[in-house]
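Below: the structure, in structure tokens.
There are 2 protein chains.
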Amino acid sequence: MSSETLLNNVLLRRFFVVPAFEIYGGVSGLYDLGPSGVGLCNNLISLWRRHFIEEDELLEVSCTNLVPEKVLVSSGHVARFADVMVKDTTNGECFRADKLIERHLEKLLLNEKLPADERVRLTYILNSADGSTPEQIKQLILDLGVLSPSGNPLSDPFYFNLMFQTSIGPASNMKVYLRPETAQGIFMNFKRGLEYAKRLPFGMAQVGSAFRNEISPRNGLIRVREFEQCEIEYFTDGTPNGLKHPRFSSVAKLCVELLSAEDQLAGKERGRNMLLSEALSTGLLRHETMGYFLGRIYLFLKEIGLDTRRLRFRQHLPQQLAHYASDCWDCDCLLSCGWTEIVGLADRSAYDLKVHSEASGADLTAFVHYPEPRQVEYDTCSLVKRACASIFKKDTVRISEAIAGLQGDRLAELKLSVSKNEPYVLEFDDCSFEILPSYVEFSSGSKTVHGESIIPHVIEPSFGIGRILYSLLEHTFHIREEDSQRTIFRFVPQVAGIKVFVLPLMSNDQLLPVAERFCTLLRRRNVSTRIDSSASLIGRRYARADEIGTPFCVTVDYETLENDSVTIRERDTMMQVRVPGNQTAHILADLCEGRYSWEAIRRTYLQVVSDKTETEQ
Amino acid sequence: MSSETLLNNVLLRRFFVVPAFEIYGGVSGLYDLGPSGVGLCNNLISLWRRHFIEEDELLEVSCTNLVPEKVLVSSGHVARFADVMVKDTTNGECFRADKLIERHLEKLLLNEKLPADERVRLTYILNSADGSTPEQIKQLILDLGVLSPSGNPLSDPFYFNLMFQTSIGPASNMKVYLRPETAQGIFMNFKRGLEYAKRLPFGMAQVGSAFRNEISPRNGLIRVREFEQCEIEYFTDGTPNGLKHPRFSSVAKLCVELLSAEDQLAGKERGRNMLLSEALSTGLLRHETMGYFLGRIYLFLKEIGLDTRRLRFRQHLPQQLAHYASDCWDCDCLLSCGWTEIVGLADRSAYDLKVHSEASGADLTAFVHYPEPRQVEYDTCSLVKRACASIFKKDTVRISEAIAGLQGDRLAELKLSVSKNEPYVLEFDDCSFEILPSYVEFSSGSKTVHGESIIPHVIEPSFGIGRILYSLLEHTFHIREEDSQRTIFRFVPQVAGIKVFVLPLMSNDQLLPVAERFCTLLRRRNVSTRIDSSASLIGRRYARADEIGTPFCVTVDYETLENDSVTIRERDTMMQVRVPGNQTAHILADLCEGRYSWEAIRRTYLQVVSDKTETEQ
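Those sequence lines, one after another, are chains L and Y.
With the first sequence counted from 1, adding 913 to any position gets you this note's numbering.
With the second sequence counted from 1, adding 913 to any position gets you this note's numbering.
Pasting the structure below:
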């Protein structure tokens, strides 16, 4: 059995992840997590909160899944959050067009006799198909002769919006969508966030569900219709000074693999290993804030136990950028299905706050102090209101605002009219007004300005928790050398769902209450613990614990009754030490929180000769 | 300003909870949690997991929000998950009918001159309006003369389904709903749960969103359209023995307020304080499993800091029971808007698994061993297949199954035909077959049976996290006696979002790095910490920490630079002690996890005379 098949068997059998609504035949793109998966997922999210929210003092919000249409019209999702779809003209099956083309190209590239220049051309198309317009897709289908998987001709490509739509209220008259990303909820709360944080820069974050009506869900947990996101929106002023990050130095010396847009177009799959400080100085990364979060993402993925040799940061090609992004780096993870995006890091510039401010009329600016106060020349005009109110009546306010807003050429024109003692015509879309010289006053001079109101610039690290979870399962899955049927997950203790199994050596009335007492002590220290008092041999029970990645087992035996000592057995080494009962909970809490290493414990306590039952099934 | 207004001000201003999509004018029934609210909510959920999932070794699952229609047809939600709605016939406004009637009755009952018998009659109607059919509601509207809030006549009442509907897939051809409760996802996974747990009883749990298109959302976080639930489905065999609970004794001596259905119909609002053991022996609680979970719910709500004098458990009246429930107790919390359900405890009997098993064809039974093996008489008939296969051909299997299934009178009829050597007519809906005596064989005798396959019985504790959160905010909100503008939340440390503020006494370059070092030490011990290095007076900063319920402040001052000591200040007492710097993180972690009390700390360390700045604003 291949390692991949074995992994998928374990995931189902040990209730990590299962198809949703299985008893009704399932729904493609929907999965449920069972207890083994939920434990992992909850721990990933806790560690994420600790790593990002606590360390960077981010403001976490929790917003609704239901989002009114007008919000998503403003954000651009109603018009542009779509994939290009094609139909099989014979059986009506639907496909995501770029994926069909990619599959077609991957097949062509398998041909080893392909001329080198043709290989470069096809690789270029492969790397840039994602993000093409229906017109470009149509041309590619024609040029490459792409057919449906059943071998039938394809329809013309068209956009398919990926949002789920419903309506709210007893009269069902308000159109709403399920959020396609958690980010929009954060933008809705920016103003309150700014009041709370008091000044730029500051970050807000959200952990929650997002929904995408994928055309062709596939690859298990990778392309699904409902998923958990962790997103950060880091608000800063967009000046070179504002995009510096005070903590960049803490990541500057990290070496990560960066695959630039340029290298991809040259057909490269792997990037260059580079210090973040170097990536910044060469201009590959545009500013420190991108560099800081890229480094923090790398450190997080390393901390949870991903194999960093199978991670790369890939820059988006210009046509792949989402409608809101000005630069974007994906963190891709190498999986059995190929390189897969698990985290995105987008520079959204001021796009989001700008569109929401325009559409809602809310003031979404922040006041930014200049490093030094500036002397600014001013030259303005104002309406003499007391004279004009009776003339312009209800239009006085708009006229007054328009006059005050005149600048440059238009202000010069007004000045000219006044100097000639001629009326000036102020034009609006719907009407115009004659402004006589006596209606206005000019003033000019120089004043001290301490700063200005700007719409903040947003840097967005966005994590797909389901994909990270699946990557972790693949990267930590191992088959014991001694026995191809014995599999383990080498989760770091901080991530493992159940951290300790307590096993009474024999199932009898003497050992069970003692085992239960140890469970209680461990739980008091927040160590997730289960008892396995089944009648199976101890080796069989160790194997079951290994199979779900539980790092430690505590065995209660007859010696425990005599001298209150227990054995602790570690998953990866299968080594055991004997420790005093009253130190057990303390030692395990420290091991699980990463305060002690197993090596340190092994050096301190008496090692027990591994029981021969260990290898028995 | 009233305490309620003051509370609502603080909730908005300190970013606990805000209307969703506020900048676009908001959507009624949708709220977002800000950082102060999210911290609390996450801690409530962690404590819930620890209290229920860890202690009872429940299997946590995480299922999708999208649920296919057929699942909710089976569960009864498509037909029956509805409220009775009426419309104002003049302006078309929609109302939940029972709420209009209740409001009408509450006004009538304010009349102190109401005759006693009329008061009893109206109270009875008030307590039983919820759950009435449209016909009953129509009669009540007529009898009581209920009008719309604008004083207009009302339409005939009709059912309005509360589920949000959408569709899935590129052809949008699969109808799905947003889940109205998390429970159904658990039932979908029952079979895998049983395989994992291996035997009854066992419990499964889920934490997640649920959605209800409420007709008239109101009371802030109380009646909303999207909310967070924590639900447990505890599967047990429904026999008196199966409904016993091994850990009931751990809650038997708890005294809780129980308001029976009978007492409510007699117009009572408060229940009787009763030991759970007594409630069980008098039959008010039907079985130990209900009693156990009722006790555990009470303990959880007490642990998180609700005022237990403002909690009651209220039994549902027969007409209020949901379509799936055979008995139900709500835990109600007394709030400014009256008694409000925050937890439900339903005995769903075997309803759910039965309907899903019938609709999906999946075997959702569990094998239950009898306490003692039983001798069972059997008397059966079987088809002689070798003789019949050539006669009945493809119908052989269904005929064989029908014959084997004959019992009682029908088996007796067959026996009679055989004894008379006459053919027996076996009827199906679509056809019938003649069974000749030679086609069948009888056997009877006695055999040992060890158990049977049953559809498990379900007990469901269901928690509304938003409502519990809001109850906690009301119950812990206090105004300082010294100053009516100074408010605090007296959260227990385990629940508080930010547990420690670190404050450099003065904002200068010497104290800030020391304060940051203490933050790092606290974070290493998982104590959620923020720094407040603003230039405000220390008393003002204490007041700001109090306002969001942060239990402890660590102040770094010039003495810290001299002898590495800091002060810890406690929120409720406003007392301060001076502790050695190297013990600070350890002491605070213990205080926040509830391992030490503030009293113990005060006795151990030097008390600092409260700074006079404390009372300055």
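Idealized CB from N, CA, C, for every residue including glycine.
Note that this is a predicted model, so its numbers are computed, not measured.
Exercise for review: Would you list the residues sitting across from K1111 of chain Y in a DSSP beta bridge?
Suggested key: Here residue 1111 of chain Y refers to the residue found at position 198 when the second sequence is read from its first residue. Per DSSP, none; premise fails for K1111 of chain Y.
Check your understanding: For C954 of chain Y, does the count of other Cβ atoms within 10 angstroms reach 16, so buried, or fall short, so exposed?
Key -> The residue labelled residue 954 of chain Y in the question sits at position 41 within the second sequence. C954 of chain Y should be labelled buried.
Check your understanding: In terms of DSSP beta bridges, what is Y1090 of chain L paired with?
Key -> Within the first sequence, numbered from 1, the residue matching residue 1090 of chain L stands at position 177. For Y1090 of chain L, the beta-bridge partners assigned by DSSP are L:V980, L:Q1078.
Point to revise | Integer Cβ distance of I1444 of chain Y from A1458 of chain Y, believed to fall under 8 Å | key: Along the second sequence, one-based indexing puts residue 1444 of chain Y at 531. Along the second sequence, one-based indexing puts residue 1458 of chain Y at 545. Not a contact, Cβ separation roughly 12 Å.
Practice item. Identify the contact partners of R1105 of chain L in chain Y, using a Cβ-Cβ distance below 7 Å as the criterion. Key: The sequence position of residue 1105 of chain L within the first sequence is 192, counting from 1. Correct list: F928, V931, G947.
Review point. For P949 of chain Y, does the three-state DSSP call read helix, strand or coil?
Key: Indexing the second sequence from 1 puts residue 949 of chain Y at position 36. Note that residue 949 of chain Y corresponds to Ser in the displayed sequence, not to Pro. S949 of chain Y falls in the helix class under three-state DSSP.
Practice item. Compare the C-alpha of V991 of chain Y against each of Y:L1053, Y:Q1119, Y:V999, Y:E982 and name the closest. Key: Walking along the second sequence from the start, residue 991 of chain Y turns up at place 78. Its Cα nearest to that of V991 of chain Y, the residue Y:E982 stands out among Y:L1053, Y:Q1119, Y:V999, Y:E982.
Review point. Okay, do the region 1187-1206 of chain Y and the region 1045-1061 of chain Y touch, 3+ Cβ pairs below 8 Å being the bar?
Key: No, the region 1187-1206 of chain Y is not in contact with the region 1045-1061 of chain Y.
**Study point:** For K1333 of chain Y, three-class secondary structure by DSSP
**Key:** Within the second sequence, numbered from 1, the residue matching residue 1333 of chain Y stands at position 420. Coil, per DSSP.
Exercise for review: Ignore the nearest five residues each way along the sequence and tell me which others in Y1291 of chain Y's own chain have a CB closer than 8 Å to its CB.
Suggested key: Your numbering for residue 1291 of chain Y matches position 378 in the second sequence. If we look at Y1291 of chain Y and ignore the five residues flanking it on each side, its Cβ neighbours are S1356, S1357, G1358, S1359, K1360.
Exercise for review: Output yes if chain C places a C-beta closer than 9 Å to the C-beta of C976 of chain Y; else output no.
Suggested key: You won't find chain C in this structure, because its protein chains are L and Y.
Check your understanding: How should G1377 of chain Y be labelled, buried or exposed, when 16 other C-beta atoms within 10 angstroms of its C-beta is the threshold for buried?
Key -> Residue mapping note: residue 1377 of chain Y aligns to position 464 of the second sequence, counting from 1. So G1377 of chain Y ends up on the buried side.
Review point. Do the CB positions of Y1147 of chain L and G1116 of chain L come within less than 9 Å of each other?
Key: Taking the first sequence and counting its residues from 1, the one referred to as residue 1147 of chain L is at position 234. Taking the first sequence and counting its residues from 1, the one referred to as residue 1116 of chain L is at position 203. Contact flag set, yes.
Exercise for review: Could you check the C-alpha separation between V997 of chain L and R1009 of chain L for me, to the nearest Å?
Suggested key: Within the first sequence, residue 997 of chain L is the residue found at index 84, counting from 1. Within the first sequence, residue 1009 of chain L is the residue found at index 96, counting from 1. Straight through space, the alpha carbons of R1009 of chain L and V997 of chain L are spaced by roughly 6 Å.
Check your understanding: For a contact meaning CB atoms closer than 7 Å, what does C1143 of chain Y contact in chain L?
Key -> One-based indexing of the second sequence puts residue 1143 of chain Y at position 230. For a Cβ distance threshold of 7 Å, nothing in chain L lies close to C1143 of chain Y: the least Cβ distance comes to about 13 Å.
Check your understanding: Can you name, in chain order, every residue of its own chain whose Cβ lies under 6 Å from the Cβ of G1462 of chain Y, other than the five neighbours on each side?
Key -> Position 549 of the second sequence, counted from the start, is the residue given in the question as residue 1462 of chain Y. Cβ neighbours of G1462 of chain Y within its own chain (closer than 6 Å, five residues either side excluded): F1402, F1404, A1409.
Practice item. Indicate whether the contact test is met: 3 or more Cβ pairs, each with one atom in the region 1099-1117 of chain L and one in the region 973-980 of chain L, closer than 8 Å. Key: A contact exists between the region 1099-1117 of chain L and the region 973-980 of chain L.
Check your understanding: Per DSSP, what kind of secondary structure is K1157 of chain L in: helix, strand or coil?
Key -> Translated into positions along the first sequence, residue 1157 of chain L becomes position 244. If DSSP states are grouped into helix, strand and coil, K1157 of chain L belongs with coil.
Practice item. Quick one: which unbroken beta strand (DSSP E) runs of 3-plus residues sit fully inside the region 1354-1391 of chain Y? Chain order, please. Key: Every beta strand (DSSP E) stretch that sits fully inside the region 1354-1391 of chain Y and reaches 3 residues is listed by chain position as 1370-1377.
Check your understanding: What is the DSSP secondary structure of V1164 of chain L, counted as helix, strand or coil?
Key -> Translated into positions along the first sequence, residue 1164 of chain L becomes position 251. Of the three classes helix, strand and coil, the one that applies to V1164 of chain L here is coil, per DSSP.
Practice item. Can you say whether N922 of chain L is buried or exposed, counting buried as having 16 or more other CB atoms within 10 angstroms of its CB? Key: What you label residue 922 of chain L is simply residue 9 of the first sequence in a count that begins at 1. Around the beta-carbon of N922 of chain L, fewer than 16 other beta-carbon atoms lie within 10 Å, marking it exposed.
Review point. When the Cβ atoms of the region 1172-1187 of chain L are set against those of the region 1034-1044 of chain L, are three or more pairs found closer than 8 Å?
Key: Judged by pairs of C-beta atoms under 8 Å, the region 1172-1187 of chain L touches the region 1034-1044 of chain L, as three or more such pairs exist.
Practice item. Give the straight-line distance between the Cα atoms of E917 of chain Y and Q1078 of chain Y, rounded to the nearest whole angstrom. Key: Taking the second sequence and counting its residues from 1, the one referred to as residue 917 of chain Y is at position 4. Taking the second sequence and counting its residues from 1, the one referred to as residue 1078 of chain Y is at position 165. Cα to Cα, the separation comes out at about 36 Å.
Check your understanding: With DSSP run on the structure shown, which of helix, strand or coil describes P1417 of chain L?
Key -> One-based indexing of the first sequence puts residue 1417 of chain L at position 504. Assignment of P1417 of chain L by DSSP, reduced to helix, strand and coil, places it in the strand class.
Check your understanding: For Q1078 of chain L and chain Y, any beta-carbon pair shorter than 9 Å?
Key -> The residue labelled residue 1078 of chain L in the question sits at position 165 within the first sequence. A Cβ of chain Y is located within less than 9 Å of the beta carbon of Q1078 of chain L.
Review point. Span of the beta strand (DSSP E) holding Q1489 of chain L?
Key: Residue 1489 of chain L sits at position 576 when you count from the first residue of the first sequence. Segment 1489-1493, the beta strand (DSSP E) holding Q1489 of chain L.
Review point. Just the Cα atoms here: how many angstroms apart are E1529 of chain L and F1390 of chain L?
Key: On the first sequence, residue 1529 of chain L is found 616 positions in, with the first residue counted as 1. On the first sequence, residue 1390 of chain L is found 477 positions in, with the first residue counted as 1. For E1529 of chain L, the predicted structure reports a pLDDT of 41, less than 50, and the residue's modelled location is therefore unreliable. The matter cannot be settled from this model.
Check your understanding: Whose CA, out of L:R1225, L:L1248, L:G1257, L:R1222, lies closest to the CA of L1234 of chain L?
Key -> Start at 1 with the first residue of the first sequence, and residue 1234 of chain L comes out as number 321. Across the set L:R1225, L:L1248, L:G1257, L:R1222, the C-alpha of L:G1257 shows the shortest separation from the C-alpha of L1234 of chain L.
Check your understanding: What residue range is occupied by the uninterrupted alpha helix (DSSP H) comprising N1186 of chain L?
Key -> Taking the first residue of the first sequence as 1, we reach residue 1186 of chain L at position 273. From DSSP, N1186 of chain L is part of no alpha helix (DSSP H) but of the beta strand (DSSP E) over 1185-1188.
Exercise for review: Under 6 Å Cβ to Cβ from G1121 of chain Y, same chain only, skipping five residues before and after it: list those, please.
Suggested key: By one-based count along the second sequence, residue 1121 of chain Y stands at place 208. Taking G1121 of chain Y as the centre and dropping the five residues before and after it, the same chain places the C-beta of T1095 closer than 6 Å to its C-beta, in chain order.
Check your understanding: Should Y1237 of chain L be flagged as near chain Y, meaning a C-beta pair shorter than 9 Å?
Key -> Reading the first sequence from its first residue, position 324 is the one you call residue 1237 of chain L. By this cut-off, Y1237 of chain L is not an interface position.
Exercise for review: Say whether the region 1324-1338 of chain Y touches the region 1240-1251 of chain Y, bearing in mind that this needs 3 or more beta-carbon pairs closer than 8 Å, one atom from each stretch.
Suggested key: Counting C-beta pairs with one atom in each stretch, the region 1324-1338 of chain Y and the region 1240-1251 of chain Y have fewer than three that are closer than 8 Å, which means they do not touch.
Review point. Is DSSP giving K1267 of chain L helix, strand or coil here?
Key: Start at 1 with the first residue of the first sequence, and residue 1267 of chain L comes out as number 354. Residue state, collapsed to three classes: helix.
**Study point:** Exposed unless 16 or more other CB atoms sit within 10 angstroms - verdict on D1422 of chain L
**Key:** Here residue 1422 of chain L is taken as the residue at index 509 of the first sequence, counted from 1. Looking at its Cβ environment, which holds fewer than 16 other Cβ atoms inside 10 Å, D1422 of chain L is exposed.
Check your understanding: Where does L1224 of chain L sit, in a helix, a strand or coil, going by DSSP?
Key -> As a working mapping, residue 1224 of chain L is identified with position 311 in the first sequence. Correct three-state label for L1224 of chain L: strand.
Practice item. Compare the C-beta of A1272 of chain Y with all C-beta atoms of chain L and state if any pair is closer than 9 Å. Key: As a first step, residue 1272 of chain Y is located in the second sequence; it is residue number 359 there, counting from the start. Judged by the 9 Å Cβ criterion, A1272 of chain Y is in contact with chain L.
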